[in-house]
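Student: Next up is a structure, given as C-alpha cells.
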Amino acid sequence: MNLLNVLAFWRPKKPPVSFTTLFRKFKGLIERNNRILELMGDMGDKLGGEYVFDKQYILSSCEQLEDLVFKLISDLSVLNQDKNVELFKAYERIRHAIHEELSGRHAFDQVSLTIPLESLDQGTVDAAGSKLNNLGIIRNTLGHRVPDGFVATTKAFFAFLDHNGLRRTIHEAVTAWDGKDEAAFDQMCVEIREKILKADIPKPLAAGIMGEADALVSRLRREGDKGPHLFAVRSSAWGEDEESSFAGQYESELGIRQEGLLDAYKMVVAGAYSPQAWRYRIIKGFHEEELAMGVGFQLMIAAECSGTLQTYPADPSQKEVMVVNCTPGLGAPLMGGVIKSDTFYIERLAPFAVRSTHTEIKDQLLELNPEGGTVWKNLSQDEGKTPCISKEQLVQLARAGLDIESFLKRPVEAEWCYDADGELYILQARPIRFELQADTLPPPPAPDVEDTLMAGQGIIVQQGVASGKVFVVENDEDLHDFPYGAILVSHFTSPRFSRIMSHARGIITDIGSPAGHMATIAREHRVPTIVNAGDATTRLQTGEEITLDAGNNVVYRGIVPGLRRYELTSQCVFEESYEYRLLRRLLKRITPLHLVDPKSDDFRPSNCTTFHDITRYIHEKAVSELIQLSERRELHETKPRRLNLHMSLGLTVIDVEDGMRKTDEDLELKHVLSVPLKSLLDGMCQPGMWCTRPVSVDLSSFMSSFTRTFSVAATSRIGRNLAVVSKEYLNLHLQLGYHYNIIDAFLSESENDNYIYFRFLGGVTDIERRSRRASFIAEVLERFDFRVEVRGDLVVGRIKKISLARGIEKMNMLGGLVGYTRQLDVVLQSDEDVQDHLAVFMQQISNGPGEQDEQGQRESSNTYTG
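As C-alpha cells, this is what we get:
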C-alpha cells in the first residue's frame, strides 16, 4: 500500500448530515410534491373546457413542472444520500419527449411499426391513430366484434416519409405556398401525392405489413376459413374520429388482396394530401406537424346488411331516441350518399322499442368480389322492399351503441354490419359534435327532491354527469370484477383505480383529496368524480342505479335522462383548438400513473414514463427513507430527554424542530407540542386503555416467547422506547413487553402531506393467540380507514392524505390501541374473545378522553382478567 493510499485510508470521514437538516429537506420535498400535483391538476382542469388558455400557459406550465421534478429528484438525493441515476435518466427521457412535442416533432417510445388490433388499448392512441384505436378498445375492452386486423403505426408513417425525404419536401412546399393561391395549392397536392405513390416503402415496414397479413390469413386457414381473405385498408390519423370527424376526407381501399396491400398503404397515405383533406385540416386549425397517419388493415366482412347508428339525433325535437339507417350489402354506398336506406327510430331506454320506421325500395346492393374489389348486384322488387334488419338486431345494435357512447362520453355515430350468420361487427365509431343553438338545449331538469340520495357532500374533482349501476369496491381484489360502465364507490381514493378508470362512468369516495394521485387520473380520463363524500359506501349499494351529477355535487336515485342528454350534447368550445390538442398530447407524458403498487417489482425508477410516475415514486421512497433515518442515533444532534408519564412507558424524546416546549424542568405531557405525539399520548391516557393489573401466562406460552426468532432490527431496539418529534412529525419505536410498535406520522394543515404508518409485531404467547391479537388490531385499523396487511402476528397499517382533524382522531385511537393491546394476546383464548374485546374497545375509544368515571375505568381495566 503506497503512502497516498494510506493517507486516503486514514482521512477522516465527513460527519453525517444531521436528522434536523434531513427532516427539513423532507418537508421541502413534500411541499414540492404537492406543488407538482397541484400544477398537474390545473393542467388537467384546462382540458375540461371550462377555462381559456394559450400556448404561453402551456410553455410556462411545462417549464415549472420540469424545474419542480428535477428539484424533487435532487431533494431525494440529499435525503437518501444516493445519486438516483435511474430517476434522472427517466426525467431526461420524459423532458426530451415534451420538448419534441413543443417543437412540432413527435417522440415514440418503443413503438412498433405494426400493432395487431388485439394489442390496442388506451395507451396506444398516438401510435395507432384515433379511428383504429377506438376499434381496438371496442373489441378489447367493451367486448364487441370488430373485423380482425392490424395497424401500421404513426411511427411507420414518419419512417416512410423520412425514408423518401418526403417530410422535407412537404415542409418546403408548404413554406413556399403563399396561403392564398388556390391553383398553386391544388398543384402542390398533386405533386406530393404523385411522389408518395412512387416512393419506396422501407423494408422493415413492408416486412411488418406482409408478415402481419400472412399470420392473420394463416390462422384463418388453420381454422377452416378458406376465404377469399380480402382487406379494407383505412386511414387512422391523429384527430380522426375525435373532436373533428374527418368523415369522408381520407382514403379507404376496399377488397384488397394480400399482394396489393403495400400499394394500398401508399394510396391511403397519399390521401392525406388530397386538396379536400388538406383544406379540411387548415379550416379546422390543424398545424402541419399534427398530421400523423396510422393505416389500418382489416379483413373485409361479407355483409348481409350494413348501416349507421346515431345514439342521439341531431334534430333536438327528437328526444331520447337513436337513429338507425341501413341498406343491404356493404355500407360504403350509404356513407357516400348514393343509395337508398331504411330508417328506424329506437328508444334509448330498454327494451329499446322501435318508435317509428321508414323503409325504402332498394334496387341495388354492393358486395365483395371474390377476385378482389367490389361489385354491384341488382335486387328484385321483393328483395328491395323488405327491411334489411330485424327487431332483435336493432336491440343488439342499440345496446352496443350505448356501450360505445359511455366509453367516448359523447353521442356516437357508429358504422356496423351483420354477416350471413347474423353476427354484429362494429366497423367504425366516432363522437357526434352537435351544432346546437343555445335556445335549443335547455338547462337540465331538476329531479324530484325525494329522488335525491346525496347533495352537497364531498369535493368535486371532475365535473360531468354519469348514470349507471353502483359497484362498491372494498379492496383491490374487487377491481378484478369491476363491470364496464359502473359507478365506482369506495371508502378510499387509490391510485390503483387507474386500472379500471377507462371502465368507470363515475367515482364517489368517502374520503380523499382533490390533489391526490387518483384525482389526477380521474381528470386525465374525464371521469365525473366526487371525493370526501363522507358516507357514500353506506348510502349506496352495489347494483343500485344512480345518476351522479358531479357538476352540482348531487347523486340521484335511478337514471335521469334529461341530465344525461344535457351532459352528452353540451359542447366544449375549446376542444378543437390547437392549444387544446397540444396540451392533451403533452399531458400523456405528464399525468398518467403507471407505478401504483409500491410492493410490486415494477415499482422502480426505470419504469417511470411520466412525471407523475416520478413524483409518486419519490413520495413513497421519501417517507420510507425518513422512517429509516429517524432510527439512526448518530444523526440526532439534539440531546435525548426522558418524558415522564403516569404510565410506565419509559419514553425518551429527541426534538428536532419545535416538538417540545423549551424548559429546564423534567419533561411531562404538558410540554409536548408535537401534534401526532400529543394525540397519541392522549389516546393512551384515556380511561381503560392502559391496563395495570397483572395477567397470568401459561408456561407453554411463556416458553414460546423464548423460542421465537426476531429480526435484527427488532432485537437492536430491545429496551429502547424512542420518539423523534417535531411540531408536525413523530417517529416512535416502542417495546412493550414482548411486542414492538413503530409509528411514523406527519400531521399538518396541508391534507395532502399527511400520513400515518403503524407497525405491530410480537407477543408473549403462542402464534395462535398472537394471531388473534393481530386480527383484532387489523379490524380496528380497518374501521378507522387504514389500509392493512397482516402476516401472522405482524400488522402494518397505512393511511395518507387525511385532514388534520382526522389525523388527530386516528392518532388518538392508535394511542388507545397500543395501550389496550399490550397484554391482550394472553386473554384471547378464542375467536369469540376477539369480537368481545373489539366491542369493548370501540365503545371506549368512541367515548373520548375524560368521559368515563372511575368505576368505568376500573371495569375496563378488569377486562383482561378473563
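Following the numbering used here, the numbering of the sequence shown begins with 10 at its first residue and continues without gaps.
We put the CB at the ideal spot given by N, CA and C, even for glycine.
1. May I ask which residues mark the beginning and end of the beta strand (DSSP E) holding residue 741?
2. Just to confirm, is the Cβ distance from residue 137 to residue 162 under 8 Å?
3. Determine the direct distance from the alpha carbon of residue 835 to that of residue 668, and round the result to whole angstroms.
4. For the 8 Å Cβ check, are there 3 or more pairs between the stretch 509-524 and the stretch 611-619?
5. Would you decide whether residue 790 is buried or exposed? Buried here means 16 or more other CB atoms lie within 10 Å of its CB.
6. Within 10 angstroms of the Cβ of residue 543, are there 16 or more other Cβ atoms? Answer buried if so, exposed if not.
7. From 759, 847 and 740, pick the residue whose C-alpha is nearest to that of residue 784; which is it?
8. Taking only the alpha-carbon atoms, compute the straight-line gap between residue 565 and residue 476 and give it to the nearest angstrom.
9. Which residue's Cα is closest to the Cα of residue 782: 380, 630, 821 and 844?
10. Would you kindly report the start and end of the unbroken alpha helix (DSSP H) that includes residue 8?
11. I'd like to confirm the pairing. Which residues does DSSP put opposite residue 316 in its beta bridges?
12. Taking all protein chains shown into account, do 16 or more other C-beta atoms lie within 10 angstroms of the C-beta of residue 655, making it buried, or fewer, making it exposed?
13. Which partner residues does residue 651 have in the DSSP bridge list?
14. Tell me whether residue 282 is buried or exposed, calling it buried when 16 or more other Cβ atoms sit within 10 Å of its Cβ.
15. Taking 8 Å as the threshold (C-beta atoms), are residue 264 and residue 383 in contact?
16. Under three-state DSSP, which class holds residue 64?
17. In this structure, does DSSP put residue 735 in helix, strand or coil?
18. Just to confirm the assignment, what range does the alpha helix (DSSP H) spanning residue 824 have?
19. With residue 387 as the anchor, note down where its beta strand (DSSP E) starts and where it stops.
20. Cβ atoms of residue 284 and residue 397: under 8 Å apart, would you say?
21. Could you check the C-alpha separation between residue 68 and residue 683 for me, to the nearest Å?
22. So, under 8 Å CB-CB, residue 561 and residue 467 are touching, yes? Tell me the CB distance rounded to an integer number of Å.
23. Indicate whether the contact test is met: 3 or more Cβ pairs, each with one atom in the stretch 119-131 and one in the stretch 86-105, closer than 8 Å.
24. Suppose you measure from the CA of residue 280 to the CA of residue 596; what does that come to, to the nearest Å?
25. Look at the Cβ atom of residue 557, then the Cβ atom of residue 692, and state whether they are nearer than 8 Å.
26. Determine the closest residue to residue 85 out of 38, 464, 260 and 389, with distance taken between C-alpha atoms.
27. Spatial neighbours of residue 506 within its chain, please: CB distance less than 6 Å, with the 5 preceding and 5 following residues excluded, ordered by chain position.
28. Measuring alpha carbon to alpha carbon, tell me which residue in 345, 776, 816 and 810 is nearest residue 801.
29. Based on the DSSP output, what are the partners of residue 149 in its beta bridges?
30. How is residue 562 classed by DSSP in three states: helix, strand or coil?
31. Just tell me which of 73, 31, 345 and 769 has its CA closest to the CA of residue 51.
32. Pull up the DSSP beta-bridge partners for residue 366, would you.
33. Which term fits residue 504, buried or exposed, when burial requires 16 or more other beta carbons within 10 angstroms of its beta carbon?
34. To the nearest angstrom, how far is it from the Cα of residue 345 to the Cα of residue 124?
35. Can you confirm whether the stretch 329-338 touches the stretch 308-315 when touching is taken to mean that 3 or more C-beta pairs between the two stretches lie within less than 8 Å?
36. Given a threshold of 16 other Cβ atoms within 10 Å of its Cβ, counted over all protein chains shown, does residue 547 qualify as buried or as exposed?
Tutor: Answer, in terms of the structure:
1. That run of the beta strand (DSSP E) goes 738-745.
2. In this structure, residue 137 places its C-beta atom within 8 Å of the C-beta atom of residue 162.
3. Spanning the alpha carbons of residue 668 and residue 835 requires a straight line of approximately 36 Å.
4. No, the stretch 509-524 does not touch the stretch 611-619.
5. Flag for residue 790 reads buried.
6. Here residue 543 is exposed, its C-beta having fewer than 16 other C-beta atoms within 10 Å.
7. The shortest C-alpha to C-alpha distance from residue 784 to any of 759, 847 and 740 is the one to 847.
8. Annotation: residue 565 to residue 476 spans about 9 Å, alpha carbon to alpha carbon.
9. Checked all of 380, 630, 821 and 844; the closest Cα to residue 782 is 844.
10. In this structure the chain extends from 10 to 875, so residue 8 is not present and cannot be described.
11. The partner list for residue 316 (beta bridge, DSSP) reads 335 and 425.
12. Exposed is the call here.
13. 661, per the DSSP bridge assignment.
14. So residue 282 counts as buried.
15. Annotated as proximal: residue 383 and residue 264, with beta-carbon spacing under 8 Å.
16. Of the three classes helix, strand and coil, the one that applies to residue 64 here is helix, per DSSP.
17. In this structure, residue 735 counts as strand in the three-state DSSP scheme.
18. Counting along the chain, the alpha helix (DSSP H) containing residue 824 begins and ends at 813-829.
19. Secondary structure note for residue 387: its beta strand (DSSP E) is the uninterrupted segment 383-387.
20. Taking C-beta atoms as the reference points, residue 397 and residue 284 fail to come closer than 8 Å.
21. So the two alpha carbons sit approximately 42 Å from each other.
22. 12 Å between Cβ atoms; not a contact.
23. These segments do not touch.
24. When rounded, the distance between both Cα atoms is 30 Å.
25. It is not a contact, given that the beta carbons lie outside the stated cut-off.
26. Each of 38, 464, 260 and 389 was checked against the Cα of residue 85, and the nearest Cα belongs to 38.
27. 527, listed in sequence order.
28. Looking only at 345, 776, 816 and 810, the smallest Cα-Cα distance to residue 801 is reached by 776.
29. Answer is none; residue 149 lacks a bridge partner.
30. Taken through DSSP and simplified to helix, strand or coil, residue 562 comes out as coil.
31. Comparing Cα positions, the closest option is 73.
32. Bridge partners of residue 366: 353.
33. Buried, because 16 or more other Cβ atoms sit within 10 Å of the Cβ of residue 504.
34. Between residue 345 and residue 124, the C-alpha separation is close to 29 Å.
35. The stretch 308-315 vs the stretch 329-338: in contact.
36. It counts as exposed.
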